[in-house]
Every structure is written in C-alpha cells, then in structure tokens.
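J.:
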Amino acid sequence: MLAINIRSWPLLVSCLALADAFATPPRSGNEPRADQDIKALLTDGTVRWSSGAILSFPPSSVFEQSTERWTSYSAPTYSAALRPGNEQDISQAVRIARAARIPFLTRGAGHGYAISLHDFKDGLSLDLSQWKSIKIDAKAQTMTIGPGVISGEVFEPLNRAGFYIQTGSCSCPSLIGVTLGGGIGRLMGELGLLSDALESVRIVASDGRIMTVSATSHPDLWWGIRGAGANFGVIVSATYKIHPLKDNGKVLLADFYLPPERSQEYFDLMESHYSDMPGNLAQIIVVHWNSTTNSVQIGGDWVYYGPEAEGRKLLAPVFALNITSSSSVIPWNTIPARAGGGFDAFLCQRNSPRSLFSLNQKKYSASGWQAASEKMAAFLNENPEARDSTYVIEMFPNQATAAFGDGSSAWPWRDAKGYMFVSPLPILVTVNVVWNTGNSALERTANTLGVQMRADLARTTGYDKPVVFVNYARGDEPIENIYRKDKLPRLVELKRKYDPANIFAYYHPIPLKYP
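Under the numbering used here, the first residue of the sequence shown is numbered 23, with each subsequent residue one higher.
1. Can you have a look at P3 and say buried or exposed, based on whether 16 or more other CB atoms are within 10 angstroms of its CB?
2. Just tell me which of V69, P241 and L267 has its CA closest to the CA of L213.
3. Could you tell me which residues DSSP puts in a beta bridge with K487?
4. Could you round the C-beta distance between K157 and M165 to whole angstroms and report it? I think they count as a contact, below 8 Å.
5. Counting C-beta neighbours from all protein chains within 10 Å, is the total for A136 16 or more, i.e. buried, or is it exposed?
6. My guess is that W435 and N382 are in contact by the Cβ rule of under 8 Å, so how many angstroms apart are they, rounded?
7. Note the first and the last residue of the continuous alpha helix (DSSP H) segment covering G301.
8. Could you name the residues of the same chain whose beta carbon sits closer than 7 Å to that of R248, not counting the 5 residues immediately before and after it, in chain order?
9. Pair every Cβ in the segment 292 to 306 with every Cβ in the segment 251 to 258, then say whether three or more of these pairs are closer than 8 Å.
10. Taking DSSP as the reference, what is the three-state secondary structure of L546?
11. Could you tell me if the beta carbon of P434 falls within a distance shorter than 7 Å of some heavy atom in the ligand NAD?
12. Terminal residues of the continuous alpha helix (DSSP H) containing E287?
13. Have a look at D141 and D498 and give me their C-alpha separation to the nearest angstrom.
14. Using a 10 Å radius around the Cβ and a threshold of 16 neighbouring Cβ atoms, would you call T423 buried or exposed?
15. Runs of 3 residues minimum, wholly inside the segment 307 to 365: which ones carry the beta strand (DSSP E) assignment?
16. Going by the CB atoms, is the gap between S88 and H133 shorter than 8 Å?
17. Identify the continuous beta strand (DSSP E) that holds K268 and give its terminal residues.
18. Identify whether I257 lies in helix, strand or coil by the three-state DSSP scheme.
19. Looking at the secondary structure, which residues open and close the alpha helix (DSSP H) in which F126 lies?
20. Under the DSSP definition of a beta bridge, which residues are partnered with D149?
21. So S395 and P488 are supposed to be a Cβ contact under 8 Å. How far apart are they, rounded?
22. If you measure between the beta carbons of L62 and D111, is that distance less than 8 Å?
23. Look up F426 in the DSSP assignment and say whether it is helix, strand or coil.
24. Could you pull out every residue in the same chain whose Cβ sits closer than 7 Å to the Cβ of S228, ignoring the five residues on either side in sequence?
25. Considering just the uninterrupted stretch of the beta strand (DSSP E) at V235, what are its terminal residues?
26. Can at least three beta-carbon pairs, one atom from the segment 98 to 108 and one from the segment 498 to 508, be found at a separation below 8 Å?
27. Do you know how far the Cα of S151 is from the Cα of R129?
28. Across which residues does DSSP place V165 in a beta bridge pair?
29. According to the Cβ coordinates, are A260 and G199 closer than 8 Å?
30. Which first and last residues belong to the alpha helix (DSSP H) in which N403 is found?
31. Tell me the DSSP secondary structure of P531 in three-state form.
32. Cα separation between N373 and R91?
33. Thinking V9 and V318 are a contact (beta carbons under 8 Å), I'd like their distance in whole angstroms, please.
34. Hey, how far is the Cα of A480 from the Cα of K517?
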C-alpha cells in the first residue's frame with residue numbers, strides 16, 4: 023500500500039558587473055541529504071503517528087497531491103510525503119529528519135520557486151496543505167489561520183465578519199508562506215506588509231520544540247521570521263491583526279488596456295504623474311499575449327481603497343488617454359477574481375515550467391519599462407509556444423510599510439532611502455517566462471531573455487545593485503541582495519541559535535557563518 027493512514031507506531035526520539043552579481047550562491051555543504059531509506063525510517067515499527075496522519079509514497083495519487091507545485095521548473099524531488107494529523111506529528115517528523123539528516127520541505131501551497139530547490143533530491147514533503155482552519159475573533163480583531171490556507175480563502179470569511187486585511191496580489195499562495203517573506207501587496211501603502219499584521223505564530227523549531235513566538239515571547243526570533251521565516255522552523259498557525267471594513271467594503275477597480283504602440287505614452291504618464299501615489303491606490307501592469315486579438319497587450323489594473331469619486335479624480339489623467347478601459351465599484355473580497363479581467367485565474371494555473379527573474383525598484387523609469395516591454399513583445403511574437411510569459415510591474419505605495427521602521431523586522435526593503443525619500447514606492451518588476459515542457463531550445467531562449475531583461479532593468483531601479491526581496495528572489499542572487507548585508511549578521515546569529523543543524527536549508531538559506 024502506497025498511501026498509509028498511520029494509527030499507532032511508537033515514538034522514535036531522536037528544508038561584466040551585473041552578470042557577476044547574479045552568480046549562483048555556494049551551498050554550505052552541510053545540508054541534509056537523502057542517503058538512506060526514508061520510507062523505512064518513517065514506517066519503522068517504533069514510530070507512532072497520530073490517527074489523522076497520512077504517509078504516502080510514489081506512485082500514488084495522495085503522494086502526487088502532496089508534492090504538486092505551482093511551477094515544475096527547477097523543482098525538488100521527493101521519495102515520501104507526510105500529511106501530519108497534529109502538531110506532535112510535525113514535531114516528530116522534524117526530529118526524525120534532523121537525527122537521520124533527511125532533507126524535507128514544508129509545503130503550504132507549493133508556490134516557492136527558488137532555483138535552489140533543484141538541489142533538494144529524494145526528500146520528504148511535509149504537506150500542510152490540508153491545515154485550513156480560519157478563526158476570526160471579532161472582539162480582539164484578530165484572525166488565526168493554518169499553513170494550508172491560501173490567500174483567496176480568507177476574503178469571504180473576513181468580509182462576512184466585517185473585516186479586511188492586507189494580502190498578496192495573487193489568491194493562490196499560502197497566506198503564511200507569503201507572510202514569512204514579508205508579504206507585499208496592494209495595501210502595503212495603507213496597512214503595511216502582511217508580516218506587519220502578524221501578532222504571533224506557533225512554530226515547530228529544528229529540535230522539535232513547539233513554541234509561541236511574538237513580540238513578547240522569543241522576541242529575537244519574532245524579528246527574524248518576519249522577512250526570513252522559512253529559515254527557522256515550521257509555522258503551524260499564525261494570528262493576524264485585522265481591520266474593520268471601511269467604505270462598506272467597496273473599492274474602485276479600473277482596468278486599462280492598450281497596444282504596444284501606446285506603451286511609451288502610458289509609461290511616461292506613470293513616471294511623471296504617479297511617482298507619489300497615495301497609500302490606498304495601487305496598480306499592476308502586465309505585458310502579455312492576448313489570445314483573443316492574437317497580439318501583445320499591455321494591461322494596467324488599478325485598485326483604489328476609498329470613495330469612488332476620489333479614485334476617479336486620481337485616475338483622471340489615465341482616463342484622459344482615451345484607451346480601452348472598464349471601471350466599477352466592487353466588494354474588496356472580489357478583487358482577485360475581477361482585477362485584470364480575471365488574470366488571477368491564469369496566474370494560478372499549476373504545473374507549468376515557469377522561470378522568474380525579479381527586482382525591487384525605488385524609482386520609476388519609463389524608458390526602462392519601455393525597453394523591457396519591447397523585448398517581451400518581440401519574444402512573444404517570435405515564440406508562439408511561450409505566449410503564457412508575462413512582464414509584470416507592481417506599483418505599490420509604501421507609506422505604512424516605511425512607517426513601521428527598518429528595525430522592526432528582518433524584512434530589509436522598507437528603508438527610507440529605498441521607499442520613502444527618493445520615491446515612496448517599492449515597484450516590483452517580474453519577468454515570468456513560460457514554455458512547453460520538453461522544449462529545451464525554447465527554455466534556453468526564455469532564460470536568456472530573463473537574464474537580459476533583469477540586467478537591463480537593474481540599471482534603472484535607483485539602487486546601486488540589483489536587489490530583490492526573498493519571496494521574489496530567483497536564487498542566483500548574492501545573499502546580500504536578498505537579505506541586505508547589514509541584516510545578515512543578526513540573521514546568522516538566529517540561524518545558529520534556532521537551526522544549528524541547518525535542516526531548513528533549501529529556500530534562500532541563511533548560512534551558519536557570515537561572511
């Protein structure tokens with residue numbers, strides 16, 4: 023039997039200039055490796071799991087579900103999967119993995135795409151995707167969720183209860199997974215990062231201890247998990263601050279669509295008129311292939327969290343361009359389903375070979391965006407098999423994010439120089455190239471495009487080097503460009519304290535020594 027519901031096994035005691043800047047970081051050499059029979063270890067007669075735990079092995083449908091990923095590119099491989107039934111199962115799995123040096127990855131929704139995951143071979147998937155509890159405390163104005171809850175699953179319960187929260191802009195990643203990397207999104211100008219909304223977490227540490235971590239309990243780790251959390255343990259629940267709905271929970275949604283020949287005009291307007299947006303206005307620009315018109319299209323998706331009249335006044339210069347548009351007042355909890363003509367559903371399709379190249383920006387550059395758009399348009403026109411590729415610019419004001427202060431958490435890109443003084447806007451530029459599985463020539467072409475576009479865009483960001491926050495990092499960047507050089511000593515100290523065995527070692531890992 024390949025999928026096993028375990029009921030009673032006793033306890034065994036015991037994850038040129040710019041080109042050089044993206045050199046693949048060295049591995050530490052002490053990561054766990056699958057050099058023994060994981061199935062035998064997990065099914066040993068001396069191991070006791072809860073009645074709700076499910077072990078699975080290939081080939082079985084449960085195993086496939088427990089190891090499925092958003093992108094198949096540079097993916098890890100597994101020889102076993104565990105769906106734990108309770109926290110004690112997770113604790114036991116972590117202790118077994120540490121003692122036997124079994125590589126394992128925690129899976130919430132399977133969205134991590136660091137190319138370092140390719141180094142993970144024949145390990146254990148600790149599948150928490152079924153941990154979907156959502157508890158809202160209206161009196162305390164908090165929400166507590168499990169690690170399997172995806173972003174899109176909190177909107178309706180919160181809306182019914184009369185609350186809202188900042189989230190990422192995509193509905194399908196694990197909300198906790200988004201949080202651990204900081205948690206950017208459309209509301210970061212008004213409410214801050216998603217990690218800024220955290221009040222506490224339950225975490226299984228590398229030695230199997232189950233701890234509550236907050237500002238008053240393990241405050242050193244509290245600092246580290248908000249921006250580098252994948253390095254320190256398995257989060258089994260998280261409690262967030264939520265906010266009463268304003269404007270009856272309504273927002274103004276405005277989508278604009280234009281052909282490539284008008285993109286320079288649009289980008290010029292963004293640079294000249296929207297370099298200092300209010301905190302409750304946000305836009306996502308997508309350069310993509312429109313299969314209906316069979317041509318490249320640029321889409322600008324705006325959301326204004328406030329009265330309709332105010333939003334329309336702010337967007338008047340965009341409406342004045344006289345380009346194709348649609349606008350309406352909608353409930354905030356329907357934004358992912360309706361923004362960009364339902365683009366979220368396309369982005370959330372699973373098991374495609376996606377290869378992403380990303381950057382932070384702290385200033386707008388119409389010329390940089392235009393040059394990148396022209397390269398993407400040429401690629402889409404010349405490569406019909408890769409027309410799911412996109413070039414995305416997320417324009418998210420950061421007033422509230424910056425107000426929390428640089429020292430408030432490990433997340434490194436809220437500093438005043440980066441987000442408040444030159445331009446209070448972290449603009450996240452993502453090149454997402456997608457091709458049909460098995461087309462190695464197109465894969466090489468797509469990755470060459472991504473490297474070129476990232477290098478070109480890096481010269482226009484306002485930073486002196488290409489930087490990117492952890493959840494958008496590809497994994498070939500220097501570690502300083504992800505976590506920031508001055509924050510690394512403190513993170514390394516935390517790593518040595520809370521994960522000295524380096525079992526959380528495959529997702530943009532923090533080293534045990536630095537420099």
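Where a beta carbon is used, it is the ideal one built from N, C-alpha and C, also for glycine.
Treat the numbers as computed from the prediction; the structure is a model and nothing was measured.
T.: Reading from the atomic positions:
1. Nothing about residue 3 can be reported from this structure: the residues present for the chain run from 23 to 537 only.
2. To locate residue 213, count along the sequence shown from 1; it is residue 191. Answer by Cα proximity: L267.
3. In the sequence shown, counting from the first residue as 1, residue 487 sits at position 465. Answer is none; K487 lacks a bridge partner.
4. Here residue 157 corresponds to residue number 135 of the sequence shown, with the count starting at 1. Here residue 165 corresponds to residue number 143 of the sequence shown, with the count starting at 1. Rounded, the Cβ-Cβ distance is 7 Å, consistent with contact.
5. Locating residue 136 in the sequence shown gives position 114, counting from the first residue. When all chains shown are included, A136 counts as buried.
6. Walking along the sequence shown from the start, residue 435 turns up at place 413. Walking along the sequence shown from the start, residue 382 turns up at place 360. Rounded, the Cβ-Cβ distance is 6 Å, consistent with contact.
7. Indexing the sequence shown from 1 puts residue 301 at position 279. No alpha helix (DSSP H) contains G301, which DSSP labels as neither H nor E.
8. The residue labelled residue 248 in the question sits at position 226 within the sequence shown. Cβ neighbours of R248 beyond the five flanking positions: S217, L220, S431, A432 and W433.
9. no
10. Here the chain has residues from 23 to 537 only, and residue 546 is not among them.
11. Among the components modelled here there is no ligand, and therefore nothing to report on the ligand NAD.
12. For the purposes of this step, residue 287 is taken as the residue at position 265 of the sequence shown. Where E287 is concerned, the enclosing alpha helix (DSSP H) stretches over S285 to H295.
13. Within the sequence shown, the letter at position 119 stands for residue 141. Within the sequence shown, the letter at position 476 stands for residue 498. So the two alpha carbons sit approximately 13 Å from each other.
14. Stepping through the sequence shown from its first residue, residue 423 is reached at position 401. It counts as buried.
15. 317 to 326 and 346 to 353
16. The residue given as residue 133 occupies position 111 in the sequence shown. The residue given as residue 88 occupies position 66 in the sequence shown. Cβ distance not < 8 Å, so H133 and S88 don't count as in contact.
17. Walking along the sequence shown from the start, residue 268 turns up at place 246. Segment: none, K268 is in no beta strand (DSSP E) and carries neither H nor E.
18. Looking up residue 257 in the sequence shown gives position 235. I257: strand per DSSP, three-state reduction.
19. Position 104 of the sequence shown, counting from 1, holds the residue named residue 126. Note, F126: premise wrong, no alpha helix (DSSP H); beta strand (DSSP E) at F126 to R129.
20. For the purposes of this step, residue 149 is taken as residue 127 along the sequence shown, with counting starting at 1. R129, per the DSSP bridge assignment.
21. Along the sequence shown, one-based indexing puts residue 395 at 373. Along the sequence shown, one-based indexing puts residue 488 at 466. Actually they do not touch by this definition, with Cβ atoms about 19 Å apart.
22. For the purposes of this step, residue 62 is taken as the residue at position 40 of the sequence shown. For the purposes of this step, residue 111 is taken as the residue at position 89 of the sequence shown. The residue you asked about is not Leu; residue 62 is Ala in the sequence shown. No. Outside cutoff.
23. The count along the sequence shown starts at 1 and reaches residue 426 at position 404. Note: F426 maps to coil in three-state DSSP.
24. Mapped onto the sequence shown, residue 228 falls at position 206. Cβ within range, chain order: V116, R120, G255, Y520, D521, A523, I525 and F526.
25. Mapped onto the sequence shown, residue 235 falls at position 213. Counting along the chain, the beta strand (DSSP E) containing V235 begins and ends at I232 to S236.
26. no
27. Along the sequence shown, one-based indexing puts residue 129 at 107. Along the sequence shown, one-based indexing puts residue 151 at 129. Distance between the alpha carbons of R129 and S151: 7 Å.
28. Here residue 165 refers to the residue found at position 143 when the sequence shown is read from its first residue. Here the sequence assigns Met to residue 165, which means Val is not the residue at that position. Answer is I158 and Y262, bridged to M165.
29. Within the sequence shown, residue 260 is the residue found at index 238, counting from 1. Within the sequence shown, residue 199 is the residue found at index 177, counting from 1. No. Outside cutoff.
30. Taking the sequence shown and counting its residues from 1, the one referred to as residue 403 is at position 381. From DSSP, the alpha helix (DSSP H) with N403 extends over A388 to E404.
31. For the purposes of this step, residue 531 is identified with residue 509 of the sequence shown, where counting begins at 1. P531: coil per DSSP, three-state reduction.
32. Here residue 373 corresponds to residue number 351 of the sequence shown, with the count starting at 1. Here residue 91 corresponds to residue number 69 of the sequence shown, with the count starting at 1. Straight-line Cα distance between these residues: approximately 6 Å.
33. As displayed, the chain neither begins before 23 nor continues past 537, which places residue 9 out of reach and without an answer.
34. Position 458 of the sequence shown holds residue 480. Position 495 of the sequence shown holds residue 517. Cα to Cα, the separation comes out at about 30 Å.
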